[in-house]
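Going down the list, the protein sequences come from chains A and B. Here the first sequence is numbered in my numbering, starting from 1 and rising by one per residue. Here the second sequence is numbered in my numbering, starting from 364 and rising by one per residue.
There are 2 protein chains.
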Amino acid sequence: MKTNLLLTPGPTPVPEAVRRVLAEPIIHHRTPQYRKIFQDVSERLKKVFLTKNPVYTYTGSGTMCMEASIVNFHSTGDQTLVVEGGKFAERFTKIAKAFGLKPTAMKVTYGEAVNPEAVREELKKNKDIKSVCVQLCETSTAVLNDIKALGKVVAETDAILIVDAISGLAADRLETDNWGVDLVIGGSQKALMLPPGLAFLSVSAKARQRVDTANIPRFYSDLRAYEKGMADADTPWTPAVGLVLGLGKSLELIEQEGLENVFKRCADNAAFAREKVKAMGMELFSKAPSSTLTAAVLPQGIDGKKLVKVMRDEKGVTFAGGQGELEGKIVRMCHMGAITRSDLEEGLRVLRATLEEMSVGSK
Amino acid sequence: MKTNLLLTPGPTPVPEAVRRVLAEPIIHHRTPQYRKIFQDVSERLKKVFLTKNPVYTYTGSGTMCMEASIVNFHSTGDQTLVVEGGKFAERFTKIAKAFGLKPTAMKVTYGEAVNPEAVREELKKNKDIKSVCVQLCETSTAVLNDIKALGKVVAETDAILIVDAISGLAADRLETDNWGVDLVIGGSQKALMLPPGLAFLSVSAKARQRVDTANIPRFYSDLRAYEKGMADADTPWTPAVGLVLGLGKSLELIEQEGLENVFKRCADNAAFAREKVKAMGMELFSKAPSSTLTAAVLPQGIDGKKLVKVMRDEKGVTFAGGQGELEGKIVRMCHMGAITRSDLEEGLRVLRATLEEMSVGSK
Numbered sequence: 001m002k003t004n005l006l007l008t009p010g011p012t013p014v015p016e017a018v019r020r021v022l023a024e025p026i027i028h029h030r031t032p033q034y035r036k037i038f039q040d041v042s043e044r045l046k047k048v049f050l051t052k053n054p055v056y057t058y059t060g061s062g063t064m065c066m067e068a069s070i071v072n073f074h075s076t077g078d079q080t081l082v083v084e085g086g087k088f089a090e091r092f093t094k095i096a097k098a099f100g101l102k103p104t105a106m107k108v109t110y111g112e113a114v115n116p117e118a119v120r121e122e123l124k125k126n127k128d129i130k131s132v133c134v135q136l137c138e139t140s141t142a143v144l145n146d147i148k149a150l151g152k153v154v155a156e157t158d159a160i161l162i163v164d165a166i167s168g169l170a171a172d173r174l175e176t177d178n179w180g181v182d183l184v185i186g187g188s189q190k191a192l193m194l195p196p197g198l199a200f201l202s203v204s205a206k207a208r209q210r211v212d213t214a215n216i217p218r219f220y221s222d223l224r225a226y227e228k229g230m231a232d233a234d235t236p237w238t239p240a241v242g243l244v245l246g247l248g249k250s251l252e253l254i255e256q257e258g259l260e261n262v263f264k265r266c267a268d269n270a271a272f273a274r275e276k277v278k279a280m281g282m283e284l285f286s287k288a289p290s291s292t293l294t295a296a297v298l299p300q301g302i303d304g305k306k307l308v309k310v311m312r313d314e315k316g317v318t319f320a321g322g323q324g325e326l327e328g329k330i331v332r333m334c335h336m337g338a339i340t341r342s343d344l345e346e347g348l349r350v351l352r353a354t355l356e357e358m359s360v361g362s363k
Numbered sequence: 364m365k366t367n368l369l370l371t372p373g374p375t376p377v378p379e380a381v382r383r384v385l386a387e388p389i390i391h392h393r394t395p396q397y398r399k400i401f402q403d404v405s406e407r408l409k410k411v412f413l414t415k416n417p418v419y420t421y422t423g424s425g426t427m428c429m430e431a432s433i434v435n436f437h438s439t440g441d442q443t444l445v446v447e448g449g450k451f452a453e454r455f456t457k458i459a460k461a462f463g464l465k466p467t468a469m470k471v472t473y474g475e476a477v478n479p480e481a482v483r484e485e486l487k488k489n490k491d492i493k494s495v496c497v498q499l500c501e502t503s504t505a506v507l508n509d510i511k512a513l514g515k516v517v518a519e520t521d522a523i524l525i526v527d528a529i530s531g532l533a534a535d536r537l538e539t540d541n542w543g544v545d546l547v548i549g550g551s552q553k554a555l556m557l558p559p560g561l562a563f564l565s566v567s568a569k570a571r572q573r574v575d576t577a578n579i580p581r582f583y584s585d586l587r588a589y590e591k592g593m594a595d596a597d598t599p600w601t602p603a604v605g606l607v608l609g610l611g612k613s614l615e616l617i618e619q620e621g622l623e624n625v626f627k628r629c630a631d632n633a634a635f636a637r638e639k640v641k642a643m644g645m646e647l648f649s650k651a652p653s654s655t656l657t658a659a660v661l662p663q664g665i666d667g668k669k670l671v672k673v674m675r676d677e678k679g680v681t682f683a684g685g686q687g688e689l690e691g692k693i694v695r696m697c698h699m700g701a702i703t704r705s706d707l708e709e710g711l712r713v714l715r716a717t718l719e720e721m722s723v724g725s726k
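Rendered as structure tokens:
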């Protein structure tokens, strides 16, 4: 088997320059040396989030910051409107329920983006809605939501806009401040080109007002502890030091390329992948395709689970399959982070060949 | 400045063999390849925890699993007895309060171990105590608690024994099953010789009975999600894949040396350090010294904060200072993980020289 070509939408490949940093001797976090590094990456993260708001670094999976976005900014019984168009959207609903909120799911057909006007109507109808939760890019369907339009809609109300940009950040454009996004959730293992283990949360002034009155019990995720830490360029609990050092390097790679160029590269590669998928006779699953990843609807009769397995185990190319109700029906390939045009070409070549073999085999 | 010699009680130095694994290309976690690795390390972790109970791996700081040990096994209003003899013990109290428990602090003089008979008396007096929280090794004071005796005391009751072994595990002996410990909390950045970012929780059958009736809201830390994941050799949220791969290697290093030999080496090095500290005319802070780290009481007139700074920034040796009320008064040096006798000798040599310089300087 060849070296595995990882085309999954997270974890994404970690560039060698970053991996070299991950292999360096560890340093202690309660030192001026580390504080300087942490302060530096915290500032530079803002430029990727396109915000002047503070960006907090949590040690955990992205889900940790999804939880942080609920527990720090709501009280028991609060209503939240969750745009539900895929697996990760559903996680917001589960978290909200777990902490005693009353989530209303705005169901969106899988593969479609939410209509911002529908959100406006809902917010008009129900003034008690405290927040709107939505994915920038819903990784399970490859849908890009129109956060700019949603930002305008939510800004007219007292609700806050919570955007899960775990996948999407630094691949699909997200102008946190210009678009009025209150909370942005990020993760290390996507376009930030690191292994999983860090999650990020940017917090607007409008959202911050909620924190001291929010009554949901919390400790590890308590924003106030992170704020107190950040005042001293520190974190409340022992941070994933190695990943923070690696983050310095991956931010450097992004800065060298330029964030606008990164957006353009992802968009170009996504357009390329869509064209190739269509040329293979497949449809795109997403009606609002993202630049983060592309989802292709597999031809009738193709077992998607087997396809992914054969590609990964026999041909060294890892695609993602479908999740939940999409299991076996789609394949997903990533464009963000360190994935290059030639990686994509290779992945698509193997996809085409494997589809042909399986079609012949099934006749 | 020389290469920094890290003698802090976490993070501890990461061996080169482990760092090489951390630098390897990342793999995807929802694959049979990763599941096999995760299942394997989960089984091998049990041998370090000396338990047949499941050991769950959380992505987060050790504090994440301290929180998990509270929220999954208690209900609002539950009473817990916290053995409070240092900074990390106090964290248990803070977590318990944050989630609506009623913690009773059993104050223990800093530097002393808890008297198991005092715990027995407290449990006799108050049958409503649902749990006893204690550190194996209280890192802030270098005290080793007698978990074996505490295990007997708590086993006589319906309470569960929660041991924070974040530092201590695989350095000071902890026989989870033989001693009747219900929950053991571990962390990656101590004797497991990894960067921070993973936390571990072993769960006894007695503790498990509590989980389904425990009413504290939880999501990220919800044990039931981890159990469901583990049934398929998986985790509920994206794991810190790189650290899990590194864990395979650090467990291999422990297995090669043999856990009993690891305990003996740490004990021998701790005895060596204590002897040297006394030979320098200093007292040991801990009346119940651990094999994990040694805390030396600095001579009158020595500014401990300055000492640590000079050693670290000018001499390339990082010790830990005192925390909280011990700030400036003690230095702490670590014996666990990959720290060798010659590392300790070098650290102690630099400590002696720096103390002499500072004594001369202050005259």
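Note that the Cβ used here is the ideal one computed from N, Cα and C, for glycine as well.
In the three-state DSSP reduction, residue 175(A) falls in the coil class, being neither helix nor strand. Residue 125(A) counts as exposed, since fewer than 16 other beta carbons sit within 10 angstroms of its beta carbon. Under the three-state reduction of DSSP, residue 26(A) is assigned to coil, being neither helix nor strand. Taking the CA atoms as reference points, residue 55(A) sits about 44 Å from residue 517(B). Judged by DSSP secondary structure, residue 63(A) falls within the alpha helix (DSSP H) whose first and last residues are 62-71.
Following the DSSP letters along the chain, one finds residue 106(A) inside the beta strand (DSSP E) bounded by residues 102-107. Contact check between the segment 385-394 of chain B and the segment 535-554 of chain B: fewer than three CB pairs, one atom from each, fall below 8 Å, which does not count as touching. Residue 56(A) has a beta carbon lying at 9 Å or more from every beta carbon in chain B. Taking residue 432(B) as reference, the option from 508(B), 617(B), 549(B) with the minimal CA-CA separation is 549(B). When 8 Å is used as the limit between beta carbons, residue 422(B) is near these residues of chain A: 59, 60, 61, 64, 196, 197, in chain order. Shortest Cα-Cα distance from residue 100(A) to any of 73(A), 286(A), 282(A) involves 73(A). Across the set 457(B), 424(B), 466(B), the C-alpha of 466(B) shows the shortest separation from the C-alpha of residue 443(B). For residue 617(B), the CB contacts under 7 Å within the same chain, skipping 5 residues up- and downstream, are 411, 533, 625 in chain order. Taking C-beta separations shorter than 7 Å and ignoring five residues to either side along the sequence, the partners of residue 11(A) in its chain run 189, 195, 196, following chain order.
For residue 240(A), the nearest CB of chain B lies under 9 Å from its own CB, placing it at the interface with that chain.
In the three-state scheme derived from DSSP, where H, G and I count as helix and E and B as strand, residue 289(A) is classed as strand. With distances taken between CA atoms, residue 668(B) lies nearest to 718(B) out of 604(B), 608(B), 654(B), 718(B).
Against chain B, the CB of residue 14(A) has a partner CB under 9 Å away; the residue lies at that interface. Taking C-beta separations shorter than 6 Å and ignoring five residues to either side along the sequence, the partners of residue 59(A) in its chain run 239, 240, following chain order. Counting along the chain, the unbroken alpha helix (DSSP H) around residue 250(A) starts and ends at 241-257. About 28 Å separates the CB atoms of residue 53(A) and residue 141(A); that is not less than 8 Å, and the two are not in contact. Rounded to whole angstroms, the separation of the alpha carbons of residue 384(B) and residue 213(A) is 45 Å. Residues of chain A whose Cβ lies closer than 7 Å to the Cβ of residue 463(B) are, in chain order, 217. Counting only Cβ-Cβ distances below 9 Å, residue 37(A) has no contacts in chain B at all, with the closest Cβ about 14 Å away. Secondary structure at residue 638(B): helix, using DSSP grouped into helix, strand and coil. Taking 9 Å as the cut-off, the Cβ atoms of residue 129(A) and residue 96(A) do not count as close. In the three-state DSSP reduction, residue 412(B) falls in the helix class (H, G or I). Contact between the segment 75-93 of chain A and the segment 256-276 of chain A is absent, with fewer than three C-beta pairs closer than 8 Å. Taking C-beta separations shorter than 6 Å and ignoring five residues to either side along the sequence, the partners of residue 338(A) in its chain run 13, 15, 193, following chain order.
For chain B, the residues of the segment 64-87 of chain A that bring a beta carbon within less than 7 Å of one of its beta carbons are 64, 67, in chain order.
Per the coordinates, the alpha-carbon of residue 118(A) lies some 56 Å from the alpha-carbon of residue 615(B). Beta-bridge pairing by DSSP links residue 444(B) to 467(B), 495(B). Annotation: the continuous beta strand (DSSP E) that includes residue 696(B) extends over 693-697. In the structure shown, the three-state DSSP call for residue 164(A) is strand.
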